[in-house]
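Residue numbers (the numbering used here): 160 to 630.
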Amino acid sequence: MGLVALSSVRVKLSFALLFFLGTFPTSSSGFVTPSQPHNSPSHIEIALTMTASDSNDDQLLSIIQRSFPDAESYEVDDNIKQANAEGFVLSVNGINKNSTSLFIKRVQAHKYSHKPWGDLRRTLLYARTEARFYSDILPLLQEKTQSTWIIAPNCHLAETTLHGLVEEHESTSAKESETAGDPSYDENEFSILHEKGGLLVLDSMKGQFFQTSPLTPNEAKRCLKAIANFHATGFQDETILNTVAAKLCEYGGSYHLKNRNPKELQNIQQTWKDFSDGIAEAAPELFERKSIKDLAKRIQEMAEYISQELSPAASDKYATIVHGDYKAMNVFLPTDDSESHPIIIDFASTGLGLGMSDVAMHITHALDPEHLINGGEEAFVDAYLEALEEALPDHHSYPRDVALRHYRLAVIDYFRFIMGRLWRGATLETFEIRKDSKNSVYVNRSVEAAINFIQRADRYLAEFEVERAKQ
């Protein structure tokens with residue numbers, strides 16, 4: 160696409176930028192991070208806009224000029240549309256007479272009027288969480304690191320307008336059922352959703368970093384080191400963690416049981432039966448085992464216990480800030496082989512938790528099962544622990560036996576989410592269709608990875624069934 164005036168551009172988002180899409184918090188105020196000058200040409204503005212108009216041209220122009228008044232024109236390099244947000248990667252001209260690469264992430268509530276309220280509410284809470292992360296939490300973490308690592312893209316604008324839909328102090332936990340007080344709308348009448356949503360304006364990582372999935376072992380270890388450094392910023396820091404729990408997710412993680420639709424767990428036995436019927440021919444002996452046939456029932460019976468073990472209070476040992484959706488495509492790796500730090504994105508599910516919830520998701524999401532056998536899985540956990548030990552103050556530690564227990568609990572917890580949500584309706588054909596989708600969890604596009612995951616979950620679940628029976 161050639162250069163065009165801001166008033167006439169038309170956007171088309173490509174798959175390459177799926178990483179930036181997330182959600183934003185409920186606050187009406189914008190901000191500029193103190194670490195970057197407001198007019199810096201090297202930074203991106205991230206904003207969530209709220210408007211009922213379907214025209215992007217004037218909206219994008221006005222958004223850009225809120226942070227960069229001298230912007231004259233732009234071209235859209237990528238346009239990304241996902242289930243919960245839309246993103247734009249822009250080359251903007253006229254900022255200090257230079258070209259600047261920015262990323263705009265936008266959630267417009269009216270565009271999701273087809274969703275039932277429980278799902279739309281989650282979308283809006285994602286937006287609230289991410290906006291608050293950039294405005295309220297990231298500056299605290301950057302100050303504590305006292306290093307050159309910026310953790311996340313520089314943010315120029317983060318705001319949400321959610322009044323009438325989500326209260327300022329409303330918990331991110333899912334509601335058990337619909338209530339009479341829920342917003343009323345449908346695809347034909349959605350005036351209550353007008354001008355509601357969120358907006359972020361961020362620096363673009365274009366050209367300096369890359370994303371991919373699955374990862375090589377070395378790439379995965381770099382990502383695990385990055386998340387260890389992230390966890391170290393809040394590890395057992397009660398002051399930071401109380402703020403995290405209050406501002407972001409009380410229960411950190413996109414797959415935390417408290418944040419999920421209760422129907423996923425209620426229907427999990429039927430979901431598993433359908434999945435097994437569609438996949439069994441890939442490993443018939445495995446699916447004939449009683450422990451595998453009963454896997455959904457076992458998960459259902461253990462789900463609350465597993466979740467409670469992974470839900471620390473801010474004052475608990477080993478508690479930290481967790482990213483909450485630490486998949487391979489939510490990490491930007493440097494394009495060269497330098498010692499530059501990876502950059503983490505998409506903080507829509509960030510909150511209070513145990514670091515192993517991120518580690519278990521990342522290893523499952525990002526790696527081919529050939530790298531997890533013969534001690535490979537524990538080697539990745541050890542790589543994380545080594546990086547965490549290096550980053551933590553001398554008086555803090557995460558003992559390996561405790562960490563491995565938490566890791567195995569988190570594997571089961573993530574398996575419950577995959578089984579109940581992502582494997583619903585899955586068949587060998589859907590695996591084939593998704594096999595090249597880098598943004599899809601690897602165990603949802605590789606049958607071999609799915610089988611390895613089932614075997615690991617079965618094995619770890621048996622350990623905790625015994626543990627619980629002894630209590």
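Heads up, the beta-carbon is just placed ideally off N, CA and C, and yes, glycines get one too. Please read all numbers here as calculations on a predicted model, not as lab measurements.
- Taking 8 angstroms as the upper bound for CB-CB distance, Thr-392 and Leu-511 are not in contact here, some 13 angstroms apart.
- Note on geometry: alpha-carbon atoms of Phe-247 and Glu-318 lie some 17 angstroms from one another.
- Going by DSSP, Phe-539 is part of the alpha helix (DSSP H) stretching over 535-550.
- Here DSSP, grouped into helix, strand and coil, assigns Ser-232 to strand.
- For the pair Leu-316 and Lys-355, the CB atoms are not nearer than the 7 angstroms cut-off.
- Separation of Phe-369 and Ile-310 (C-alpha to C-alpha, rounded to the nearest whole angstrom) is 15 angstroms.
- 7 angstroms or more divides the Cβ of Leu-297 from the Cβ of Phe-394.
- Within the segment 349-421, the complete beta strand (DSSP E) runs of at least 3 residues fall at 356-362.
- Using a Cβ distance threshold of 7 angstroms, Pro-501 and Leu-492 count as a contacting pair.
- In the DSSP annotation of this structure, His-554 is not part of any beta strand (DSSP E), being labelled neither H nor E.
- Around the beta-carbon of Ile-504, 16 or more other beta-carbon atoms lie within 10 Å, marking it buried.
- The beta carbons of Ile-254 and Phe-227 sit closer together than 7 angstroms.
- DSSP places Glu-498 in no alpha helix (DSSP H); its state is neither H nor E.
- Secondary structure of Ile-503 (DSSP, three-state): strand.
- In the same chain as Asp-517, and ignoring 5 residues on each side of it, the C-beta atoms closer than 7 angstroms to its own belong to Ile-386, Val-481, His-482, Tyr-485, in chain order.
- From the listed residues His-390, Phe-506, Lys-476, the smallest Cα separation to Thr-304 is found for His-390.
- By the Cβ-count criterion, Lys-594 is exposed, with fewer than 16 other Cβ atoms from all chains shown falling within 10 Å of its own Cβ.
- Cβ neighbours of Glu-468 within its own chain (closer than 6 angstroms, five residues either side excluded): Leu-568.
- When DSSP states are grouped into helix, strand and coil, Leu-469 belongs to the coil group.
- Secondary structure note for Gln-614: its alpha helix (DSSP H) is the uninterrupted segment 606-628.
- Counting of Cβ neighbours within 10 angstroms places Ala-472 among the exposed residues, the total staying below 16.
- The Cβ-Cβ distance between Gly-357 and Ala-405 does not fall below 7 angstroms.
- Between the alpha carbons of Ser-508 and Asn-420 lies a gap of roughly 15 angstroms.
- If you draw a straight line from the Cα of Ser-221 to the Cα of Lys-417, it comes to about 38 angstroms.
- Following the DSSP letters along the chain, one finds Lys-264 inside the beta strand (DSSP E) bounded by residues 257-267.
- A straight line joining the alpha-carbon of Asp-527 with that of Asn-377 spans about 13 angstroms.
- Judged by DSSP in its simplified three-state form, Leu-249 adopts strand.
- Going by C-alpha positions, Ser-232 is about 26 angstroms away from Lys-270.
- Contact check for Asn-313 and Met-488: beta-carbon distance about 20 angstroms, past the 8 angstroms limit, so the pair fails to qualify.
- By the neighbour-count criterion, in which a residue is buried when 16 or more other Cβ atoms sit within 10 angstroms of its Cβ, Ile-577 is buried.
- As for any beta strand (DSSP E) of minimum length 3 sitting wholly inside the segment 301-337, the runs are 314-320, ordered along the chain.
- Following the DSSP letters along the chain, one finds Pro-493 inside the beta strand (DSSP E) bounded by residues 490-493.
- If you look at Val-481, you'll find it in the beta strand (DSSP E) that goes 478-481.
- Secondary structure at Ile-592: helix, using DSSP grouped into helix, strand and coil.
- Annotated three-state conformation of Ile-296 is helix, per DSSP.
- Remark: C-beta atoms of Val-570 and Arg-627 do not approach each other more closely than 7 angstroms.
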